[in-house]
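Below: the structure, in structure tokens.
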Amino acid sequence: MRRWLLLSSYHWLVLLTALALSAALVAWISFGLINVAMANFEFLKRYGLMAVREGGLRQAVEIGARASLALLFYLLFKAIETELIQRWRGKGH
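In structure tokens form, the structure reads like this:
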């Protein structure tokens with residue numbers, strides 16, 4: 094495995110900074126995502142093919158991509174959190 098993927102090789106301060114950054118990115122990316130997704134779904138449901146021609150389907154794909162990116166940063170957050178907790182409990186280094 095590549096060294097930069099091993100969380101145990103990083104200093105705790107670097108991990109704490111990455112943890113805070115990933116939490117901020119999850120919050121920033123997912124802010125209002127549900128409202129936009131529901132509005133897009135309603136737009137597609139109400140106007141059908143016309144909504145698809147006006148970019149409703151493209152917007153739905155973009156919403157899915159934003160949700161996937163938020164999930165990626167959430168998983169990064171959880172991985173770093175787990176590493177820091179293991180170190181704190183003495184099971185790591």
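In our numbering, each residue carries its 1-based index in the sequence shown increased by 93.
Just so you know, even glycine gets a beta-carbon here, dropped at the ideal spot from N, CA and C.
Which listed residue (the options) has its alpha carbon closest to that of residue i
| i | options | result |
| --- | --- | --- |
| LEU164 | PHE134, LEU177 and ALA116 | ALA116 |
| GLU176 | ILE122, ARG96 and SER101 | SER101 |
| MET131 | PHE170, ARG146, SER161 and ILE156 | ILE156 |
| ILE122 | GLU174, PHE166, GLY183 and ILE173 | PHE166 |
Residue i, buried or exposed, once every other Cβ within 10 Å from all chains shown has been counted against 16
| i | result |
| --- | --- |
| VAL107 | exposed |
| LEU112 | buried |
| ILE173 | buried |
Between the CA atoms of residue j and residue i - distance to the nearest angstrom
| i | j | result |
| --- | --- | --- |
| ALA153 | ARG159 | 10 angstroms |
| PHE136 | ARG180 | 49 angstroms |
| THR110 | ASN128 | 30 angstroms |
| VAL119 | GLY125 | 12 angstroms |
| TYR103 | LEU168 | 18 angstroms |
| ALA144 | LEU150 | 8 angstroms |
| LEU142 | SER161 | 26 angstroms |
| ASN133 | ARG146 | 13 angstroms |
| TRP97 | TRP105 | 14 angstroms |
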